[in-house]
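Engineer: Residues in the sequence shown are numbered from 1 upward in steps of one, following our numbering.
C-beta: ideal position from N, C-alpha, C; glycine also.
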Amino acid sequence: MLSGYSVMKALDTLRQRLLSKVPLRTVLIVPFVLQILGAVGLVGYLSFRNGQQAVNELAGQLRSEMSARIEGELQGYLDSPHEFNRLNGATFAQGQLDTANGSNAAQFLRQLKVSDLAYAAYCGDNQGRLLGSVRYVTEEQSTLALVASNANSDYNFSLYQIGVNGNRGSLLEQFTPYDARQRPWYQAAVKTERPVWSDVYLDFAIGLPTITASEPVYGPRGQLLGVCATDIVLLQDIRQFLANLSIGDSGIAFVMDRSGAVLSSSTDEPLTQGEGEDMTLLQATDSSDRLIRGTASYLQQRFGSFEAIQNPQQLNFKLAGDGPNLTGGERQFLEVVPFQDPRGLDWLIVVAVPESDFMGQIYANTRNTVLLCIVALAIATGVGILTARWVIQPLLELNNAAKDIAKGELDRKVEIQRSDEVGELANSFNAMAVQLQESFQNLEAKNAELEHLDKLKDEFLANTSHELRTPLNGMIGISESMIDGATGKLTEIQERNLWMVAQSGHRLSNLVNDILDFSKLKHKSIDLQLKPVSLRDLVEVVLTLSQALVGTKQLTLINDVSPDLPAAQADENRLQQILYNLVGNAVKFTRSGTVKVSAEVLPPSADQESDVLAVTVADTGIGIPEEKLERIFEAFEQAEGSTGREFGGTGLGLAVTKQLVELHHGKLTVTSTVGAGSQFTFTLPVAQGKGPAGVYQPSVSTTRLQRAAKLADPSVSGGAAIADSAPALNSSGSVVLVVDDEPVNLQVLANHLSLHDYSIVQANNGEDALRLIEQGLRPAIILLDVMMPKMTGYEVTQRLREQYPATDLPIVLLTAKTQVADLVTGLAAGANDYLTKPIAREELLARIRTHLNLSQLREALQIEESKYRSMFENAVEGIFQSSPDGKLLNVNPAYAQLFGYDSPEAMLQGIQEVAGQLYVDPQRRTEFKRLLNEQGDIRDFEFEAYQRDSSQIWVSVWARAVKDSQGTVLYYEGNCIDITERKHQEASWKQQLQELQFEIDHKQRERQVAEIASTDYFQQLMAEADDLRNFED
């Protein structure tokens, strides 16, 4: 019998088993908790949202009202200076101002006494003289003084005591010479020919933000008499007005210009920063007031610059710490309104109010709501905690395990013996941990492998680049030595060919250098040999060597570097590499115009402690889109793929150049306008010492540079070299049109083709090639480069295929691209063939011969087809072709006329089925097909046929069955003649014979036969019968 203890234990085990299988969502008894929290939270949320909406509307109205009041006050504040100018200008125009003697400043004096805003009022005439009144500020006091500049003061800026009536008193202070015509306020008014404002500046005497209103004065005949101006100080009055505005409890208002300088604010913060000569206007972003500083920073982040704010804006942002924060901090209401007038004033009025100024009561209600939620949560938690405790514990274990895995303990697992959702979660977690551990192991292995491959790649690039130098050295050295005369005097053609070999070697050498430098820069293993370098001499050498890149372009290379420029402290080889890359890049992307190299000395600035040289390479090329300017300095980038396809290159040049400039402690920047050109500017340190830089000694002699410039000029030797090596266009050789933008490629092809009796015509780009063909050139074949400026080879091919099929004008594309996709693109554009560079001479000649032979075969076939067509159409007998199913395929005019049709076309349209429409007895058509299928051909097959008008004729056909290699009949063909007349004659003769046989009896026949046989008529009849039998045989 079971004991009570055993029963209890068994029941407890059963309970645990049952509870472990119960779904988790049925165990968590929380509906009442959610109801309490939901009800209280929803009421609190709706209350808070309604209150916040009311605050937003109130804040918007307050900001708009404050902005409008400030704008109105500013308008009135800034109108008075222009009113003073208008009055002073009228007085000036009437000749009542004595600028020559510098007296009678009464009107200016009254204006300064009437307006505390005005700091100075004055007029300057067209002779440079000045007369006015100014507030003279000293350490002890501020008084009004007369200001003048004329012959009496030796045209120095002079301050005098001023009498009550505006008369000049004794001299107070005198400054440097002063010509009113050279002052910005005078020149601005003359230039605009209307009232105008100056920019805000710090007055040198009082050190306060000042702005000048000026207006030109004209005589009765429209001649310029001078300019009147009034200076006002942006200080107390406007600041007092802003401070008195009621903008919440802690709101602020301020006015700033487009540069971000604070012109006035509702705070008592000084409007300037710095001291003495370093004193400047206070920038809003540098303000000590947290709200002004944060507001200005937010506007810059939001709009990019203050100039971008063109319309009134009501905005909200959060302010945390010392700057705006999008995710935290106190919410601020902000309104910014542009303040502009026709006289050139362009300021911003900014009003900012913290949300907390309006949210006091709302926050109090929110706190009560939160307290209610907390109480409800405590009650709900107390009721449900006992039920949920056993669920939370395994989740805590999972949480701890997840944290351990996050710390790197990837072998961490959890041990939970349950079958419910928590148990499933634990099992999934353990499986995830295993997978994660395996993934990390695989990732580490892959990372190590990639690092090893990257190291091998760098070593391979370096080793390969070094291995290329030996053949390059031989190719360049031998070519240049032969040009210099090492093997005897050369012809101009030979010199140019060798020069092209050397230039190709230099180009490959530069590419090798870029690859090596890229690898070295990546590992920071380049050391510079710094010394003073004459920039102008070095630029001259680079431009001379770059002349070869110009080719046939209408492009001028200009050295605009001053010979008086100080020397640069640089590695001369690396500097030459920098210039060559930038100039080569400019030449590549410029089709016509100029490439100019200039330089200037930049004085010390905030970014640099000493003078630097700024070198600029400017071109008139295609330009670079603004969004691509940053990408061009990345390795293997060329703004976009299409530019690389059209102009070529590896994309390493600018990346290497930028890093070499930075090794010299300089910067490389670019500005560009699409369609107008680009300017690449880099800086170099100036060499120490005042002595002149040593003359740069290039690695090649001056004579060789001059010879290279001559050989690079296509007008001097390029055309002659190729023309001499090619036969004339009227020779017996086939005409080959060669299209390539590279002179070297043109010369190589000309050399290959000219030795095999081909006549060569050249074009430097696709447009020139199309123009030659439009002018009447009909080449036998076109050799077309793919990557060319203006038009790619694909585009040229497509244009040509619009007029000439591939059978009439063969096109062979030449390119260095070897991808299958490039081959497909070229053939899809309409090309006949595709050759990749470097091109093997024998393969090139074989391909050309193949296509020319195909063209000749096509021409011969066309001639034979023309002959056959002529015979077919002019034959007297009817000729036909028909399908086995009884449809006419082709007939000649004689066949159509035989059956009563006007033309072959009319018969082909009219006859849909031969057996039913032509054969009187369709069975004869069946017999016709049977004989042809069995015998292959038949002769003298006769049948009765219908003509178009339903009349009947007899025809005789000779035909054969044309079959394919499998023996299947493709079609029938043959000729046909009309035998109707012959058939009628045969019938008449047979009838006559029958009548003779039936009318004469046997006895009479013997006698009559003897008599008839002796007659001439019988003899004639027998002769005709013999002829008839012979004809039937």
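How is Val786 classed by DSSP in three states: helix, strand or coil?
Structural biologist: Correct three-state label for Val786: coil.
Engineer: Within 8 Å, do at least three Cβ pairs link the region 57 to 67 to the region 337 to 353?
Structural biologist: Short answer: they touch.
Engineer: Counting pairs of beta carbons, one from the region 564 to 579 and one from the region 757 to 765, are three or more of them closer than 8 Å?
Structural biologist: Cβ pair count under 8 Å is below three, so no.
Engineer: In whole angstroms, what separates the C-alpha of Asp560 from that of Val533?
Structural biologist: Cα to Cα, Asp560 sits roughly 17 Å from Val533.
Engineer: What does a CB cutoff of less than 6 Å around Gln917 pick up in its chain, not counting 5 residues either side in sequence?
Structural biologist: These residues qualify, in order along the chain: Ile911.
Engineer: Exposed or buried, Arg168, counting other C-beta atoms within 10 Å across all chains shown (16 or more means buried)?
Structural biologist: By the 10 Å Cβ count, Arg168 comes out buried.
Engineer: State the DSSP-derived secondary structure class of Ala229, mapped to helix, strand or coil.
Structural biologist: It is a strand residue.
Engineer: Under three-state DSSP, which class holds Gln107?
Structural biologist: Gln107 falls in the helix class under three-state DSSP.
Engineer: At the level of alpha carbons, what is the spacing between Glu640 and His665?
Structural biologist: Caution applies to Glu640, whose pLDDT of 44 falls short of 50 and renders its modelled position unreliable; the value that the coordinates give is listed next. Each residue's alpha carbon lies about 29 Å from the other.
Engineer: Please determine if the region 84 to 100 and the region 118 to 132 are in contact, where contact requires at least 3 C-beta pairs separated by less than 8 Å.
Structural biologist: Yes, since at least three Cβ pairs between the region 84 to 100 and the region 118 to 132 fall closer than 8 Å, the two stretches touch.
Engineer: Give a yes or no on whether the C-beta atoms belonging to Thr210 and Ile238 are separated by under 9 Å.
Structural biologist: Cβ atoms of Thr210 and Ile238: not closer than 9 Å.
Engineer: Return helix, strand or coil for Glu630, following the three-state DSSP convention.
Structural biologist: Three-state DSSP puts Glu630 in coil, outside helix and strand.
Engineer: Counting along the chain, where does the beta strand (DSSP E) carrying Asp822 start and finish?
Structural biologist: Premise fails: Asp822 lies in the alpha helix (DSSP H), 820 to 829, not in any beta strand (DSSP E).
Engineer: Have a look at Val583 and Ile839 and give me their C-alpha separation to the nearest angstrom.
Structural biologist: If I take the Cα positions, the gap works out to 29 Å.
Engineer: List the endpoints of the continuous alpha helix (DSSP H) containing Pro743.
Structural biologist: Pro743 -> alpha helix (DSSP H) spans 743 to 754.
Engineer: Please state whether the Cβ-Cβ distance between Val539 and Leu579 is less than 9 Å.
Structural biologist: In contact: Val539 and Leu579 (Cβ atoms closer than 9 Å).
Engineer: In three-state DSSP terms, what is Leu282?
Structural biologist: Of the three classes helix, strand and coil, the one that applies to Leu282 here is coil, per DSSP.
Engineer: Under the three-state reduction of DSSP, which class applies to Lys191: helix, strand or coil?
Structural biologist: Three-state DSSP puts Lys191 in a helix.
Engineer: Could you give the DSSP three-state label for Ala1023: helix, strand or coil?
Structural biologist: Ala1023 falls in the helix class under three-state DSSP.
Engineer: Going along the chain, which residues of its own chain have a beta-carbon closer than 6 Å to the beta-carbon of Gln313, five neighbours each way excluded?
Structural biologist: So the qualifying residues of the chain are Val336.
Engineer: If we count the other Cβ atoms within 10 Å of its Cβ and call it buried at 16 or more, is Ala151 buried or exposed?
Structural biologist: Exposed.
Engineer: Using a Cβ-based criterion (distance less than 8 Å to any ligand heavy atom), does Glu495 qualify as near the ligand ATP?
Structural biologist: As presented, the structure is devoid of all ligands, the ligand ATP included, so that no description of it is given.
Engineer: Bridge partners of Ala860, per DSSP?
Structural biologist: Note: Ala860 sits in no beta bridge, so no partner.
Engineer: Bridge partners of Lys596, per DSSP?
Structural biologist: DSSP output for Lys596 lists Ile558, Ala618 as bridge partner(s).
Engineer: What does DSSP give as the partner residue(s) for Ala261 in the beta ladder?
Structural biologist: Note: Ala261 sits in a beta bridge opposite Gln283.
Engineer: Quick one: what does DSSP say Lys446 is sitting in, helix, strand or coil?
Structural biologist: Lys446: helix per DSSP, three-state reduction.
Engineer: Out of Ile526, Leu468, Gln529, which has the shortest C-alpha to C-alpha gap to Leu508?
Structural biologist: Among Ile526, Leu468, Gln529, the Cα nearest to that of Leu508 is on Leu468.
Engineer: Output needed for Glu307: all residues of its chain with C-beta closer than 6 Å, excluding positions within five of it in sequence on either side, in chain order.
Structural biologist: Contacts found: Arg258.
Engineer: Run through the DSSP bridge pairs and tell me what Val351 is partnered with.
Structural biologist: For Val351, which the question treats as bridged, DSSP gives the partners Ala253, Glu335.
Engineer: Tell whether a beta-carbon distance below 9 Å holds between Gln273 and Thr267.
Structural biologist: No; because the gap between Cβ atoms is not below 9 Å, this pair is not in contact.
Engineer: DSSP state of Ser167, grouped into three classes?
Structural biologist: Sequence check: residue 167 is Asn here, not Ser. Coil.
Engineer: From Ala145 to Thr138, what distance separates their C-alpha atoms?
Structural biologist: Taking the straight line from one Cα to the other gives about 12 Å.
Engineer: Can we say the region 954 to 970 touches the region 923 to 942, given the rule of at least three CB pairs closer than 8 Å?
Structural biologist: The region 954 to 970, when compared against the region 923 to 942, does touch it at the 8 Å Cβ threshold.
Engineer: Note down, in chain order, each residue of its chain lying with its Cβ closer than 6 Å to the Cβ of Asn890, except the 5 sequence neighbours on either side.
Structural biologist: Cβ within range, chain order: Gln881.
Engineer: For Thr13, which of helix, strand or coil comes out of DSSP?
Structural biologist: DSSP places Thr13 in helix when its eight states are reduced to three.
Engineer: Three-state secondary structure (DSSP) at Gly551?
Structural biologist: Residue state, collapsed to three classes: coil.
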